[in-house]
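Numbered according to mature numbering (1 follows the signal peptide of the UniProt record, and there is no 0), the sequence shown spans residues -19 to -1, 1 to 124. Inspection log for the structure reproduced underneath, given as structure tokens.
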Amino acid sequence: MKLSSAVVLLSVFALPAFATQVEVTYDSFYDNSATSLSNVACSNGVNGLLTKGYTTFGSLPSFPNIGGIPNLTWNSTLCGTCWNLQYTTPTGTHESIYITAVDAAYTFNLSLEAFNELTDNTGVAAGKVTATATQAAESFCGM
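Here you go:
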């Protein structure tokens, strides 16, 4: 009886992954594999990517699927988090990608290559799209 009560109690407090509608934009700054991580918010500090052994955008396992996300600041615990973005194109095609958070941004601001993958090359003309974002296990981004 005690074990079943504990399981019920734990399941009540388990945190499910919440999907959120987000604006997604792009910046070709994130497309250069040689760019040093010292140029982004997730540079150094305890939570920085440099302190985890990554040096450039290209050294990240998920490159070019990287970008900035809202609420991330220097040395944030959001540095290196993995996000699943899902988007439905104007023709009804469902696309899904995983990106690694490396920088601060007002939107989910991706590399152009990641943005094109997410939008099936339909989003650049609009400049931004609305997608669904869900935080995922870092392993989905190779971290």
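Ideal placement from N, C-alpha and C gives every residue a C-beta, glycine not left out. Remember, it's a predicted structure, so these values are computed and weren't measured experimentally.
- Judged by DSSP secondary structure, Thr6 falls within the beta strand (DSSP E) whose first and last residues are Thr1 to Tyr7.
- In this structure, Thr113 places its C-beta atom within 9 Å of the C-beta atom of Gln67.
- Counting C-beta atoms within 10 angstroms of its own C-beta, Tyr87 has fewer than 16 neighbours from the protein chains shown and is therefore classed as exposed.
- For the pair Tyr7 and Val21, the Cα-to-Cα distance works out to about 15 Å.
- Residue nearest to Leu91 within the set Trp64, Ala117 and Ser40 is Trp64 (criterion: CA-CA distance).
- Look at Gly26 here: in three-state DSSP terms it is coil, with no helix or strand label.
- For Thr70, same chain residues with a beta-carbon under 6 Å away, outside a window of 5 residues either side, are Asp101 and Thr103 in chain order.
- For Gly26 against Thr32, the beta-carbon gap comes to about 7 Å, under 8 Å, which counts as contact.
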